[in-house]
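Order-wise, the sequence lines are chains A and B.
254 is the number that the working numbering gives to position 254 of the first sequence; each next residue is one higher, with no gaps.
67 is the number that the working numbering gives to position 67 of the second sequence; each next residue is one higher, with no gaps.
Step one of this worksheet: look at the structure below.
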Amino acid sequence: MEIVVCIKPVPDAETRLRANPAGTALDGEGVKWALAGYDESAVEQALLLKEANPGSRVRAVSFGPAPRTEEVLRAALALGADGATFLEHPAEVVPDPLLAARAVAAHLGRATWDLVLVGKQAGDDEAGLFGGALAELVDAPSFGGVMALTYDASARRFTFRRSVEGGAEAAEVPGRAVLALQQAWNDPRTAKLPNILKSRRATIDKVAWATTAGALGPLGTPTTQSVGFRLPAPRSGAKMIDYRTPEEAAEKLVRLLQEEAKVFP
Amino acid sequence: MTARVLVIGEIRDGHLLASSLEAVGAARACAGPSDRLEGLLVGPAAAAASPAFAAAGLASVACVADAALERPTPWAWSRAIVAAATAAGAELVILAGTAAGRDVAGRVAARWEAAAVTGVTAIGRAPGGRLRLSRPVFGGRATQEVEVAAPRAVLAVRPHAFPAPAPTASAAPATELPGGTGPEGDGRILGFEHVEGGAGPDLGDAAVVVSGGRGVRAADNFSLIEELARSLGAAVGASRAVTDAGWRPVSYQVGQTGKSVTPQLYVAVGISGAIQHLVGMVSSRVIVAINSDAQAPIFRVADYGIVGDLFAIVPALTREVRRVRGIA
Ligand SMILES: Cc1cc2nc3c(=O)[nH]c(=O)nc-3n(C[C@H](O)[C@H](O)[C@H](O)COP(=O)(O)OP(=O)(O)OC[C@H]3O[C@@H](n4cnc5c(N)ncnc54)[C@H](O)[C@@H]3O)c2cc1C
Ligand SMILES: Nc1ncnc2c1ncn2[C@@H]1O[C@H](COP(=O)(O)O)[C@@H](O)[C@H]1O
Numbered sequence: 001m002e003i004v005v006c007i008k009p010v011p012d013a014e015t016r017l018r019a020n021p022a023g024t025a026l027d028g029e030g031v032k033w034a035l036a037g038y039d040e041s042a043v044e045q046a047l048l049l050k051e052a053n054p055g056s057r058v059r060a061v062s063f064g065p066a067p068r069t070e071e072v073l074r075a076a077l078a079l080g081a082d083g084a085t086f087l088e089h090p091a092e093v094v095p096d097p098l099l100a101a102r103a104v105a106a107h108l109g110r111a112t113w114d115l116v117l118v119g120k121q122a123g124d125d126e127a128g129l130f131g132g133a134l135a136e137l138v139d140a141p142s143f144g145g146v147m148a149l150t151y152d153a154s155a156r157r158f159t160f161r162r163s164v165e166g167g168a169e170a171a172e173v174p175g176r177a178v179l180a181l182q183q184a185w186n187d188p189r190t191a192k193l194p195n196i197l198k199s200r201r202a203t204i205d206k207v208a209w210a211t212t213a214g215a216l217g218p219l220g221t222p223t224t225q226s227v228g229f230r231l232p233a234p235r236s237g238a239k240m241i242d243y244r245t246p247e248e249a250a251e252k253l254v255r256l257l258q259e260e261a262k263v264f265p
Numbered sequence: 001m002t003a004r005v006l007v008i009g010e011i012r013d014g015h016l017l018a019s020s021l022e023a024v025g026a027a028r029a030c031a032g033p034s035d036r037l038e039g040l041l042v043g044p045a046a047a048a049a050s051p052a053f054a055a056a057g058l059a060s061v062a063c064v065a066d067a068a069l070e071r072p073t074p075w076a077w078s079r080a081i082v083a084a085a086t087a088a089g090a091e092l093v094i095l096a097g098t099a100a101g102r103d104v105a106g107r108v109a110a111r112w113e114a115a116a117v118t119g120v121t122a123i124g125r126a127p128g129g130r131l132r133l134s135r136p137v138f139g140g141r142a143t144q145e146v147e148v149a150a151p152r153a154v155l156a157v158r159p160h161a162f163p164a165p166a167p168t169a170s171a172a173p174a175t176e177l178p179g180g181t182g183p184e185g186d187g188r189i190l191g192f193e194h195v196e197g198g199a200g201p202d203l204g205d206a207a208v209v210v211s212g213g214r215g216v217r218a219a220d221n222f223s224l225i226e227e228l229a230r231s232l233g234a235a236v237g238a239s240r241a242v243t244d245a246g247w248r249p250v251s252y253q254v255g256q257t258g259k260s261v262t263p264q265l266y267v268a269v270g271i272s273g274a275i276q277h278l279v280g281m282v283s284s285r286v287i288v289a290i291n292s293d294a295q296a297p298i299f300r301v302a303d304y305g306i307v308g309d310l311f312a313i314v315p316a317l318t319r320e321v322r323r324v325r326g327i328a
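Quick look at the structure:
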């Protein structure tokens with residue numbers, strides 16, 4: 001089975017966010033970029049499927065600016081991916097997930113693959129658009145919120161559960177599908193030192209932006225533009241309720257929710 | 001010129017979702033007085049649900065009564081949406097950002113060659129007339145403003161961000177669109193199971209969420225959290241400490257690797273407030289924290305705090321809520 005896993009560098013969860021001087025987008029200065037959250041689960045899921053289905057190969061693909069995009073691809077190689085493809089884009093911030101999906105689709109159109117795994121949403125823009133857009137462009141079925149994924153090699157069929165409001169659905173798709181993974185339910189592994197060292201020397205296939213742009217034509221232009229980036233005003237700190245008995249605490253809280261916050265149902 | 005906006009309604013178990021009515025509210029927020037709002041419903045219950053949908057302020061509702069679209073796959077639904085948008089000559093498609101809505105938004109945008117913006121919490125126009133949208137990013141740690149730079153756009157609106165319009169007496173016609181959603185056999189949804197204790201509202205969709213953390217100490221004690229939630233009509237959430245310990249399933253988890261929630265009221269009980277938890281709930285409108293440690297970081301994002309033992313406070317709070325709400 002040929003598995004493609006699409007990953008994207010996002011600021012590490014502990015990063016202090018700041019707007020750029022123009023106030024239009026995140027300031028990338030000093031940000032520690034990482035393979036995060038959902039994408040880490042996607043890589044883990046790809047490796048688990050590979051281990052359960054001997055002869056399978058995992059290729060990591062990422063579209064974005066150097067050097068951070070190349071670095072997350074090396075992180076995927078260190079975890080156990082067999083190959084990596086770096087689709088270059090010149091912008092400091094990848095302008096929109098739809099453009100990323102078009103770039104990856106242009107590339108995947110020429111390759112053979114059985115499964116593309118992506119994160120349900122990227123930890124930065126949280127759009128959740130990439131997987132569906134990619135699937136539409138390569139004319140494959142797609143599902144989001146996927147958990148507990150298994151492959152039945154004899155029927156060439158993936159079965160899984162997917163998280164939806166209020167519960168979970170059981171679903172199945174035949175091979176050549178795009179699945180967006182729910183979350184770290186699969187406990188991602190950490191890379192071993194020798195593999196990290198080996199990944200530093202591994203070759204990464206590089207596709208120049210000019211090549212991708214040529215293939216996309218007018219669809220290579222971003223369709224959205226980030227014009228503002230605001231951090232919330234810090235909450236002024238909790239109003240602490242003083243009380244002598246639990247009953248008094250409960251009464252005071254309910255009254256505040258009713259009369260002051262006006263959110264009591 | 002009159003713009004046309006197509007609002008997509010989502011039906012589950014025969015009922016139109018409240019968040020679909022909010023999508024009509026969002027459509028109104030970006031439409032001018034002469035713009036025409038149309039609706040689309042799919043599945044066997046489409047015609048029955050159309051009056052309630054139209055009453056939110058739609059000029060007409062197109063129905064695709066195809067039984068195969070009862071729980072539509074993302075690809076079948078996207079075909080139906082793009083066909084209806086094309087038939088209506090729409091420039092804008094608006095849908096609720098539910099799990100299914102987000103799954104389909106990217107497909108529709110790609111197929112229809114449109115821009116797409118999800119998680120929309122506010123809609124306006126930039127000076128040049130472009131659509132300008134606000135959306136939380138980084139798990140609610142920041143807000144991004146985005147402008148649409150394409151002639152067409154798909155917007156998925158965040159649940160609870162827009163009020164559902166008050167219903168009007170509507171004589172909007174329901175029109176039938178043909179089904180025929182493409183080849184079968186390329187995957188399907190086999191069934192649905194509610195999560196345990198899932199009798200309350202959906203976590204991602206609830207107006208009130210009560211979450212418990214490690215402070216609850218054991219699986220059995222988690223029923224304290226569930227009783228408080230029930231008294232408030234709230235959904236139940238949990239920190240990862242709880243789901244890791246197996247006290248409740250992973251579907252309860254709120255945070256970076258769980259669900260992001262944006263209720264009107266979030267009550268965090270025995271949760272310390274680690275950054276990975278905060279990113280999933282910090283954009284809730286009002287946050288209440290109950291914790292025995294006055295230094296717990298959760299108090300820094302809370303609006304109201306009670307320092308105390310949850311085993312004493314929570315039962316008292318449940319009783320008080322029941323009393324005030326008149327629940328026996
Ligand atoms: C990559 C990664 C992803 C993660 N994703 C998530 C995520 O999605 N969601 C998430 O929640 N966490 C996540 N975590 C874990 C996170 O870092 C914290 O470990 C977790 O949120 C802690 O859960 P907690 O607050 O319930 O437990 P603790 O931090 O142990 O806090 C328990 C709290 O209960 C209080 N308490 C104890 N007894 C009582 C009592 N009797 N009455 C009142 N209060 C009491 C204590 O004072 C304490 O503040 C993630 C971590 C990593 C590394
Ligand atoms: N530039 C990109 N390159 C590769 N994969 C991406 C890119 N952007 C998004 N993805 C994948 O799509 C998922 C959802 O991203 P998004 O639609 O931006 O929320 C991510 O978790 C990645 O798996």
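C-beta atoms are modelled at their ideal positions from N, C-alpha and C, and glycine is treated no differently.
- Take the alpha-carbon of Ser60(B) and the one of Ala88(B): they are about 10 Å apart.
- Going down the chain, each residue whose beta-carbon is closer than 5 Å to a heavy atom of ligand 1 shows up: Gly213(B), Arg214(B), Gly215(B), Ser239(B), Arg240(B), Ala241(B), Gly255(B), Gln256(B), Thr257(B), Gly258(B), Gly270(B), Ile271(B), Ser272(B), Ala274(B), Gln276(B), His277(B), Asn291(B), Ser292(B), Asp293(B), Ala296(B), Asp309(B) and Leu310(B).
- Per the C-alpha coordinates, the member of Gly128(A), Leu134(A) and Phe63(A) positioned closest to Asp205(A) is Phe63(A).
- Looking only at Arg12(B), Ala156(B), Ala18(B) and Ala312(B), the smallest Cα-Cα distance to Ala122(B) is reached by Ala156(B).
- Residue pairing by DSSP places Glu88(A) opposite Gly64(A) in a beta bridge.
- Counting only runs that start and end inside the segment 36-104 of chain B, the beta strand (DSSP E) elements of at least 3 residues fall at 36-42, 60-64 and 92-96.
- Not flagged as an interface residue toward chain B: Pro67(A), since no C-beta distance is shorter than 7 Å.
- Remark: C-beta atoms of Leu87(A) and Ala111(A) do not approach each other more closely than 7 Å.
- Asn291(B) is bridged by DSSP to Val307(B).
- Using a 10 angstroms sphere on the CB of Asp303(B), the tally of other CB atoms reaches 16 or more, which defines it as buried.
- In the displayed model, Leu131(B) falls within a strand according to three-state DSSP.
- Around Ala153(A), the same chain offers Met1 and Asn53 as residues with beta carbons nearer than 8 Å, after the five sequence neighbours per side are excluded.
- Chain A places no beta carbon closer than 7 Å to that of Pro44(B), leaving this residue out of the contacts.
- In this structure the segment 246-254 of chain A touches the segment 303-317 of chain B; the number of beta carbon pairs closer than 8 Å is three or more.
- Residue pairing from DSSP places Trp33(A) in a beta bridge opposite Pro11(A).
- DSSP, read as helix, strand or coil, puts Ala109(B) in helix.
- For Ala202(A), same chain residues with a beta-carbon under 6 Å away, outside a window of 5 residues either side, are Leu77 in chain order.
- When C-beta atoms of the segment 138-153 of chain A are compared with those of the segment 165-178 of chain A, three or more pairs fall below 8 Å, so the two segments count as touching.
- In this structure, Leu228(B) keeps its C-beta atom at 7 Å or more from the C-beta atom of Val216(B).
- Using a Cβ-Cβ cut-off of 7 Å, Phe63(A) does not count as an interface residue toward chain B, since no Cβ of chain B sits closer than that to its own.
- If only complete runs of 3 or more residues are kept, the segment 221-288 of chain B shows the beta strand (DSSP E) at 235-238 and 265-269, in order along the chain.
- Bounds of any alpha helix (DSSP H) do not take in Glu10(B), whose DSSP letter is neither H nor E.
- Under the Cβ distance rule, Ile7(A) does not count among the residues neighbouring chain B, no pair being separated by less than 7 Å.
- Check the Cα spacing between Glu70(B) and each of Ala54(B), Ala100(B) and Leu95(B): the tightest is with Ala100(B).
- Using a Cβ distance threshold of 7 Å, Val208(B) and Ala234(B) count as a contacting pair.
- When the alpha-carbon of Ala213(A) is set against those of Leu99(A), Asp12(A), Arg57(A) and Glu14(A), the nearest one is in Leu99(A).
- When only Cα atoms are considered, Ser226(A) and Val93(A) end up about 10 Å apart.
- Short of 8 Å from the beta carbon of Glu71(A), and not among the five residues preceding or following it, lie these beta carbons of its own chain, in chain order: Pro9 and Trp33.
- Within the segment 70-97 of chain B, the residues whose Cβ lies closer than 7 Å to some Cβ of chain A are Thr73, Pro74, Trp75 and Ser78, listed in chain order.
- At least 7 Å separates the beta-carbon of Ala150(B) from that of Ala105(B).
- In this structure, the beta-carbon distance from Pro265(A) to Leu232(B) falls below 7 Å.
- Of the heavy atoms belonging to ligand 2, none sits nearer than 6 Å to the Cβ of Val4(A).
- Within the segment 202-231 of chain A, the residues whose Cβ lies closer than 9 Å to any Cβ of chain B are, in chain order, Leu219, Thr221, Pro222, Thr223, Thr224, Gln225, Ser226, Val227, Gly228, Phe229, Arg230 and Leu231.
- Just measuring C-alpha positions, the residue of Ala218(B), Ile11(B) and Gly139(B) sitting nearest Gly246(B) is Ala218(B).
- Selection Pro178(B), Val267(B) and Glu320(B) evaluated against Phe299(B) yields Val267(B) as nearest (Cα-Cα).
- Short note on Lys8(A): C-beta closer than 6 Å to some heavy atom of ligand 2.
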